[in-house]
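So the sequence lines, in the order shown, correspond to chains A and B.
Going left to right, the first sequence walks through residues 1 to 258 as my numbering numbers them.
Going left to right, the second sequence walks through residues 259 to 621 as my numbering numbers them.
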Amino acid sequence: MSVRVWKIYFNIHAGLIYSFLYFPIIILMVFSFNQERINAVWTGFTFNWYETLFKDAELLNAVGNSLLVGFFSTILSTIIGTLTALGMVRFRFPGKKILDAVLHLPIIVPDIVMAIAMLSFYVFINLILGLFSIIIAHVSFNIAFVAVVVRTRLAGFDMDLEKAAMDLGATPFKTLRYITLPLIMPGVIAGALLAFTISWDDFMIAFFTSGVGSTTLPLKVYSMIKFGVTPEINAISTITLLFTMTLFFIAMRLLRTK
Amino acid sequence: MNFGIKSNISKLIAKKTIYLGISFLLLLFIAITGCSKKEERKLSRELNVYNWSYYIGETTIKDFEKEFDLKVNYDNYSSNEELFAKLQTGIAGYDVIFPSDYMVKIMIDQKLLADINIENIPNYRNIDRKFINLPFDPGNKYSIPYQWGTTGIGINISEISENVTNWDILWNEKYKGRITMLNDMRFGLVPALKKLGYSVNTINSTQLEEAKQLMTKQKVLVKAYSSDTYIDMLKSGDAWISYGYSGDIYQVANNNQDVIYVIPQEGTNVWIDNVCIPINAPHKYTAEVFINYILEPKVSAGISNFTSYSSPNREARKYIKPEILNDPGIYPSEEVLEKCEFLQDVGEATKLYDRIWAEIKSK
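See the structure below:
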């Protein structure tokens, strides 16, 4: 009996916590359909804010920048991250422990430290800020995320399959191409999606490393918010949220399937 | 096992990476230094403009691009400090920026601004004399006035029926819990100092002490000290009386018909935003052409008609909408304007202001 009481208690507890986490987001989404410009009162349903969004050239430009940064930083970091993970699992080499620790640094280090470090580096090498500098910064922290995800996948990897392939005359490259990569592909794609999500959401690092013509979506929203939160901002947040959530769910699904 | 071979290979790879890295850096260096020296009076194909959000005419940039056949990269920032931080890196790459008065002074002191060649800006003569040669940049070597405004009181007239003409309303006990004040040691003291008839740049400690007493007395009535979120409170009707920036309050008035903006007759402070060129701007001449363009009477009026800020451009007045031109909150009478002051650097007294503000906030 007491077990049943506990169960009910846990359900209520969990329900409260979930609503605490998700209620603000639901409110945000609901009010993106509100007719009234002033946020507090509901006056009627409308798609107006979504329409104005798609007509706002500056905003669309920011979306374009975000996609561009996300796309290139994801491709680069996925390639480097996957190779790093393979190297870390396969080989023993001097300094491996140090590399292992350093590799995780971007996950642990606060964004702001990372951002300032990147900025000081760019100042040092005199690189003019812009899309290029954001992409480089995003690649540098995304490598860690991709490597971690791919490594998890490699943990359950049967090395004998590779040995068998080599035994039958496959070159190391062919083994990688036809045996290893297809097997770890779900991990690689999950890593890539995660990298894209992080890049798409990033505010702090883009804030510091953006330059001429490289306003990404989060930066644009931030500069809009200074003039009060309009339903337009709710609308863009809703779209962003759905987009990232979709990517994240796909990534999680891929990781779960064996 | 064959560790030797492996470490040899890794050494080789390391060497190669270092060479590659060095040659890459060299190339970068050449590319950057190579394109920094050039250009006399020749339009570039691009111009990099960094401005506040919603702070230019709806078509200004597009019209400029069309007329001069070049591309404008237009980015936004949301505070003077953000602009300052970006500029200080020295690698931001912007050609035109719009800092406020006090920030111009800081940027001049930090040697971040370029000398503007006034010969390239004949429209400079359109600017009202009142707005040139101001204390933050004597002789306008580095800055050209862009738009100006005041701080004053936003009133929700559906809740407040009395006619507001002076600062006293901020001390009226009837409106307890409905008043918001700017959260800034300099701006925050303006109402008290002006109510007492003192200068907003006073360094007299007795005058400041009096202002402190007034502010402490007011504190129980104040709902919030805020420099940005008060906009939403005023908009939604949570706050009825807000001491804030003219531009912010007009922004609210556009959304909420009940809100009006009042400049108290004792005077207030005025601020002005300016157009400047950063010291290492890649397209300086084109930037000057752009500045000249936005000082054209019609273009300048187009900007002010959109932003509802006051224009220092005398010639533009003809084209500014009459309802804006006749609004005493945007273009106050000479009489009121005479009692308004720019906030100036108070030097050593900054500490005094800081202490007084802290005491008010912590009481």
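Glycine included, C-beta positions come from ideal geometry on N, C-alpha and C.
- A straight-line Cα-Cα distance of about 31 Å links residue 318 (chain B) and residue 202 (chain A).
- Only residues of its own chain outside the window of five on either side were considered, and among them 78, 82 and 150 have a CB closer than 7 Å to the CB of residue 188 (chain A), listed in chain order.
- Around the beta-carbon of residue 471 (chain B), fewer than 16 other beta-carbon atoms lie within 10 Å, marking it exposed.
- When DSSP states are grouped into helix, strand and coil, residue 45 (chain A) belongs to the strand group.
- Secondary structure note for residue 338 (chain B): its alpha helix (DSSP H) is the uninterrupted segment 338-346.
- Contact with chain A is absent for residue 372 (chain B), since none of that chain's Cβ atoms lies less than 7 Å from the residue's Cβ.
- Out of A:16, A:59 and A:43, the CA that lies nearest to the CA of residue 237 (chain A) is found in A:59.
- Across the set B:359, B:348, B:376 and B:380, the C-alpha of B:348 shows the shortest separation from the C-alpha of residue 369 (chain B).
- The alpha-carbon separation between residue 450 (chain B) and residue 487 (chain B) amounts to approximately 22 Å.
- Within the same chain, 238 come within 6 Å of residue 29 (chain A) by CB-CB distance, once the 5 residues on both sides are set aside.
- Around residue 215 (chain A), the beta-carbon contacts reaching into chain B at under 8 Å are 333 and 334.
- Taking residue 90 (chain A) as reference, the option from A:207, A:206, A:209 and A:163 with the minimal CA-CA separation is A:163.
- Residue-level contact by beta carbon holds for residue 223 (chain A) and chain B, with a gap shorter than 7 Å.
- Around residue 454 (chain B), the same chain offers 465, 468, 469 and 472 as residues with beta carbons nearer than 8 Å, after the five sequence neighbours per side are excluded.
- The CB of residue 28 (chain A) never comes closer than 8 Å to any CB in chain B; the least such distance is about 15 Å.
- When secondary structure is reduced to three states using DSSP, residue 378 (chain B) falls in the helix class.
- The C-alpha of residue 497 (chain B) lies about 24 Å from the C-alpha of residue 617 (chain B).
- Sorting B:340, B:360 and B:577 by C-alpha distance to the C-alpha of residue 308 (chain B) places B:340 at the top.
- For the stretch 350-362 of chain B, residues whose beta-carbon sits nearer than 7 Å to a beta-carbon of chain A comprise 350, 351 and 352.
- Distance from the Cα of residue 345 (chain B) is smallest, within the candidate group B:402, B:329, B:366 and B:330, for B:366.
- For residue 61 (chain A), the enclosing alpha helix (DSSP H) begins and ends at 57-90.
- When CB distances to chain A are screened at a threshold of 9 Å, the residues of the stretch 513-524 of chain B falling below it are 513 and 514, in chain order.
- As computed with DSSP, residue 600 (chain B) is found in a beta bridge with B:528.
- Counting every other CB atom within 10 Å of its CB across the protein chains shown gives residue 76 (chain A) a total of 16 or more, marking it as buried.
- Looking at the DSSP output, residue 333 (chain B) bridges to B:308.
- Residue 178 (chain A) and residue 48 (chain A) have their C-alpha atoms roughly 51 Å apart.
- Residue 407 (chain B) carries a strand assignment under DSSP once its states are collapsed to helix, strand and coil.
- Residue pairing of residue 587 (chain B) in beta bridges, as defined by DSSP: absent, with no partner found.
- Scanning A:197, A:210 and A:232 for the CA closest to the CA of residue 242 (chain A) turns up A:197.
- For residue 37 (chain A), at least one C-beta of chain B is nearer than 7 Å to its own C-beta.
- Beta-bridge analysis with DSSP links residue 438 (chain B) to B:482 and B:500.
- Here residue 178 (chain A) carries a helix assignment [DSSP, helix/strand/coil].
- When only Cα atoms are considered, residue 305 (chain B) and residue 172 (chain A) end up about 51 Å apart.
- According to the DSSP assignment, residue 122 (chain A) belongs to the alpha helix (DSSP H) that extends over 111-125.
- In terms of beta-carbon proximity, residue 198 (chain A) stays away from the interface with chain B, with every pair separated by 7 Å or more.
- Residues of the same chain with a CB within less than 6 Å of the CB of residue 145 (chain A), apart from the 5 flanking positions on each side, are 194 and 195 in chain order.
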